[in-house]
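Since the structure comes first, as structure tokens, the remarks are kept for the end.
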Amino acid sequence: MSRIDPNQTLDQLILDRDTRDYIVTVIQRLKNPDLDGFAAWGLVGASLGAGQDIQHGCNILLHGVPGTGKTFIAGVIANELERPLIQINANAIRGCFYGESEKQARELFKEMREAVKSLSPVFLLNEGDQLIHRRLDSPDRSSDHAENTIQSVFLEEMETFPGILIVTTNLAENLDLAMSRRFHYKLEIKAPDHESRMALWRLHLPSTIPGAQNIPVEALANDFMFTGGQIRLVVQNACHEAFMRGKGAGLTLDDLQKYAILESGTNFERAKQAIGFAR
1 MSRIDPNQTL DQLILDRDTR DYIVTVIQRL KNPDLDGFAA WGLVGASLGA GQDIQHGCNI
61 LLHGVPGTGK TFIAGVIANE LERPLIQINA NAIRGCFYGE SEKQARELFK EMREAVKSLS
121 PVFLLNEGDQ LIHRRLDSPD RSSDHAENTI QSVFLEEMET FPGILIVTTN LAENLDLAMS
181 RRFHYKLEIK APDHESRMAL WRLHLPSTIP GAQNIPVEAL ANDFMFTGGQ IRLVVQNACH
241 EAFMRGKGAG LTLDDLQKYA ILESGTNFER AKQAIGFAR
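So in the working numbering the end of the sequence shown lands on 279, straight run, no missing numbers.
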């Protein structure tokens with residue numbers, strides 16, 4: 001696990017109105033957990049032993065195509081809550097689990113629970129489908145058995161986890177159906193619409209960039225159906241092009257269009273699939 005001190009803010013968060021409202025609601029809930037009134041309203045937790053600390057826990061799934069800002073949203077949530085963000089490396093976990101999968105998985109959650117007591121952080125697991133994908137069909141194979149054991153531990157531990165865990169994935173359809181109930185919020189982060197694309201171009205073309213004030217962002221938003229991540233890459237590459245022209249050169253529309261066209265041809269788009277949990 002690695003600690004990150006987030007600096008992302010709500011003001012920088014560009015999403016469709018409904019999704020943004022959900023994010024704001026989540027933040028408000030986590031800022032004021034005592035306002036939930038579980039006991040006063042006679043509500044019960046999912047676990048038979050759910051105490052107040054468990055009811056204050058929250059598991060959030062952010063799913064959608066790459067580049068839509070899922071990791072950025074995690075940073076916003078942590079920053080707004082004034083908490084550190086602790087990132088869990090899915091590849092490292094998966095690599096060390098073979099052979100001692102259950103022991104290692106439980107040790108991970110033990111460390112996370114201890115961190116909740118001392119730091120009260122927000123945990124981030126990117127590409128969560130690597131760990132909590134649908135169960136494999138050959139339990140006699142050692143690798144499949146290890147993967148399924150990880151699933152079982154996550155299912156059990158997430159149900160009573162008292163902290164805040166954000167899981168992101170580009171492939172929600174690969175997640176196990178049993179995982180759906182473990183998430184308090186399941187939010188699809190959609191590709192930006194035209195208005196959002198214009199706002200994203202403006203965000204990534206601040207006035208500190210020479211020539212940025214002359215860039216017609218509406219035309220770029222019309223011509224290229226990019227996510228925020230793609231827009232950031234295009235602007236970075238175009239700025240490098242401008243740098244190469246030497247001192248006094250500013251960014252031009254031609255620079256941006258050149259690398260936008262390049263990005264359009266290499267974004268590895270695949271046919272869209274329905275988003276849902278695998279059965």
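Yeah, the Cβ is synthetic: ideal placement off N, Cα and C, and Gly gets one too. Bear in mind that the values here come from a model prediction, so they are computed numbers and not experimental data.
Rounded to the nearest angstrom, the gap between the Cα atoms of M158 and L13 is 28 Å. Distances from the CA of I86 to each of M112, V24, L131 and P162 were compared; the closest alpha carbon is that of M112.
The region 160-174 makes no contact with the region 209-218, as fewer than three CB pairs between them are under 8 Å. Residue burial annotation: S180 is exposed, with fewer than 16 other C-beta atoms found within 10 angstroms of its C-beta. The C-alpha of L251 lies about 18 Å from the C-alpha of F224.
Ranked by Cα distance from S196, the options N7, E241, E102 and D18 are led by D18.
A direct Cα-to-Cα measurement between K103 and T168 gives close to 24 Å. Per DSSP, E263 lies in no beta strand (DSSP E) segment; the continuous alpha helix (DSSP H) that holds it begins and ends at L253 to S264. Comparing C-alpha distances from E218 to each of L253, S2 and K258 shows the shortest one belongs to L253.
The Cβ-Cβ distance between I166 and V122 falls below 9 Å.
Between N89 and D129, the C-beta spacing is not below 9 Å. Boundaries for I14: no beta strand (DSSP E) harbours it, and the DSSP string shows neither H nor E there. Sequence-distant partners of V153 (beyond 5 residues in either direction) whose C-beta falls short of 7 Å from its own C-beta, in its chain, are E102, A105 and R106.
The DSSP-derived three-state label of V65 is coil. Counting along the chain, R3 sits inside the beta strand (DSSP E) bounded by residues S2 to I4. For L85, the enclosing beta strand (DSSP E) begins and ends at L85 to I88.
With a contact defined as Cβ atoms closer than 8 Å, T227 and P192 qualify at about 6 Å. Fully contained in the region 128-211 are the following alpha helix (DSSP H) runs of length 4 or more, in chain order: 142-159 and 194-204.
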